[in-house]
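Novice:
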Amino acid sequence: MKHVTTFLIALFLFTVSKAQVNSQPGYYKMPIGDAEVIALSDGTITLDMNALLFNAKPNEINNLLQQNFLTNKVETSITVYLIRTNNKLILIDAGAGSFMGSTLGKLTQSIINAGFQPEQIDAVLLTHLHADHVGGLTANDKMVFPNATIYINKSDTAFWLSKQNRTNAAEGDKGFFDAASISITPYLKAGKVKSFDYGTPLFPGITALATPGHSPGHTSYVLESKGEKIVFWGDLVHAGAVQFEDPAVTIHFDVDSPKAAEERKQAFKDATTGKYWVAAGHLSFPGIGHVRANGSGYSWVPANYSSVVAR
Ligand SMILES: [Zn+2]
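Numbering-wise, the sequence shown is residues 13 to 323 according to this note's numbering.
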């Protein structure tokens, strides 16, 4: 009897702990021309939208969240994208690693679940150096992607790796500088960090687009293949339920809020006109879809699910 009770308690604890782990599949594949884009979940983090969003009209945040069947604390995706093209494996961003708690840092497992190994990654294109994008590059001061070259815009490296900027930063923001430095240093030491000029192809069909504001060197990446196009936005949008309707609403993490809002408006307008695919790492996983105009604002149209993976 004692054993049965122990077994039942163990089963109960196992069930409870299972319910708390990230057990979703965590990857989604879709073709873009001859290339393949694979969304890889790094997990989710819950954000208090009323505390983090600025420049909203009275009650606007709560109203828009309600219209989207959400409440103030929004479980927010952190998604990394893997591009498979011309026998290369290219990551866009690297997730949070161990910097932001146990609900994040799932990228390596998602890469493996999708059928790859971290050692196979040829390049990581970083949109900017915030912890939730750069943290997964390094684990215990070792490179998670030892065969990858890391691409970062010069303005972001200059800003986030500056000791002076860290000293001048508010106490609560110093962690951002530490995370950037810890994550990048092993690659800098190995001579594996490269900068780039905007507009010059980094790989066939892949170019970098200047979208500064959220971070001084914030970069979006464009992939084009066989007439199809997808733009990896980085952090042009955080709160989809609010910011599509009102792109003027900004988030606490923006280094330059007015510029971030301006880039967001421009990106929404351009995506609406261009009708191309967009991949946005903080929209609900897999964060791939289109943008359409909606009155004075915009709407996000998530990709239609497909069970077929081309090629
Ligand atoms: Zn982010």
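Where is the CB? At the ideal position from N, CA and C, for every residue including glycine.
As a quick check of your reading: which residues have a C-beta less than 6 Å from at least one non-hydrogen atom of ligand 1, in chain order?
Specialist: This selection yields H142, D144, H145, D247, H294.
Novice: Just verifying my parser: in three-state terms, what is the DSSP assignment at S232?
Specialist: In the sequence shown, counting from the first residue as 1, residue 232 sits at position 220. Reduced to three states, the DSSP call for S232 is strand.
Novice: So is T231 buried or exposed if we call it buried at 16+ other beta carbons inside 10 Å?
Specialist: Stepping through the sequence shown from its first residue, residue 231 is reached at position 219. T231 should be labelled buried.
Novice: Could you give the DSSP three-state label for F297: helix, strand or coil?
Specialist: Position 285 of the sequence shown, counted from the start, is the residue given in the question as residue 297. DSSP places F297 in coil when its eight states are reduced to three.
Novice: How many angstroms separate the CA atom of A126 from the CA atom of V267?
Specialist: Taking the first residue of the sequence shown as position 1, residue 126 is located at position 114. Taking the first residue of the sequence shown as position 1, residue 267 is located at position 255. Each residue's Cα considered, the two are about 34 Å apart.
Novice: Name, in chain order, the residues that DSSP records as bridge partners for A333.
Specialist: This structure gives no information on residue 333, because the portion of the chain shown stretches from 13 to 323.
Novice: Strictly by DSSP, which residues pair up with Y210?
Specialist: Your numbering for residue 210 matches position 198 in the sequence shown. Answer by DSSP bridge pairing: none, since Y210 is not bridged.
Novice: Start and end of the beta strand (DSSP E) containing G325?
Specialist: In the structure as shown, the chain starts at 13 and stops at 323, and residue 325 therefore has no counterpart that could be examined.
Novice: Per the DSSP calculation, N306 is bridged to which residue(s)?
Specialist: Taking the first residue of the sequence shown as position 1, residue 306 is located at position 294. G309.
Novice: Kindly indicate which residue of P213, V234, P216, H302 has the alpha-carbon position closest to the one of T223.
Specialist: Locating residue 223 in the sequence shown gives position 211, counting from the first residue. Considering only alpha carbons, the answer is V234.
Novice: Relative to the C-alpha of E257, which residue among S311, T197, I242, G286 is closest?
Specialist: Residue 257 sits at position 245 when you count from the first residue of the sequence shown. Closest by alpha carbon: S311.
Novice: If we ignore side chains and look at the alpha-carbon of each, how far apart do N75 and A68 end up?
Specialist: Sequence index remark: in the sequence shown, residue 75 carries index 63 (1-based). Sequence index remark: in the sequence shown, residue 68 carries index 56 (1-based). Cα to Cα, the separation comes out at about 11 Å.
Novice: Could you give the residue range of the beta strand (DSSP E) that holds P43?
Specialist: The residue given as residue 43 occupies position 31 in the sequence shown. Residues 39-44.
Novice: Report the three-state DSSP secondary structure of W289 (helix, strand or coil).
Specialist: Taking the first residue of the sequence shown as 1, we reach residue 289 at position 277. DSSP places W289 in strand when its eight states are reduced to three.
Novice: Write down the C-beta distance between A283 and V313 rounded to the nearest angstrom, noting that I regard them as a contact closer than 8 Å.
Specialist: Working through the sequence shown from its first residue, we reach residue 283 at position 271. Working through the sequence shown from its first residue, we reach residue 313 at position 301. Actually they are not in contact, since the Cβ atoms of A283 and V313 sit about 10 Å apart, beyond 8 Å.
Novice: Hey, is the region 211-220 in contact with the region 94-110, meaning 3+ C-beta pairs nearer than 8 Å?
Specialist: Contact holds: three or more Cβ-Cβ distances are below 8 Å.
Novice: For A181 versus F189, is the C-beta distance shorter than 8 Å?
Specialist: As a first step, residue 181 must be located in the sequence shown, where it is residue number 169. As a first step, residue 189 must be located in the sequence shown, where it is residue number 177. Yes, these two residues count as a Cβ contact at 8 Å.
Novice: Apply the 10 Å Cβ neighbour rule to Q255 and answer buried if 16 or more other Cβ atoms are within range, or exposed otherwise.
Specialist: Within the sequence shown, the letter at position 243 stands for residue 255. Under this definition Q255 is a buried residue.
Novice: Quick check on P158: buried or exposed, where buried means 16 or more other Cβ atoms within 10 Å of its Cβ?
Specialist: In the sequence shown, the residue the question calls residue 158 occupies position 146. So P158 counts as exposed.
Novice: Run through the DSSP bridge pairs and tell me what A135 is partnered with.
Specialist: As a position in the sequence shown, residue 135 is number 123, starting the count at 1. Its beta-bridge partners are I102, T161.
Novice: Please confirm whether A191 and G147 have their CB atoms less than 8 Å apart.
Specialist: Translated into the one-based positions of the sequence shown, residue 191 becomes position 179. Translated into the one-based positions of the sequence shown, residue 147 becomes position 135. Cβ distance < 8 Å, so A191 and G147 count as in contact.
Novice: Out of A47, Y199, T262, which one is the CA nearest neighbour of D153?
Specialist: By 1-based counting over the sequence shown, the position of residue 153 is 141. Looking at the Cα atoms, Y199 is the closest of the given residues.
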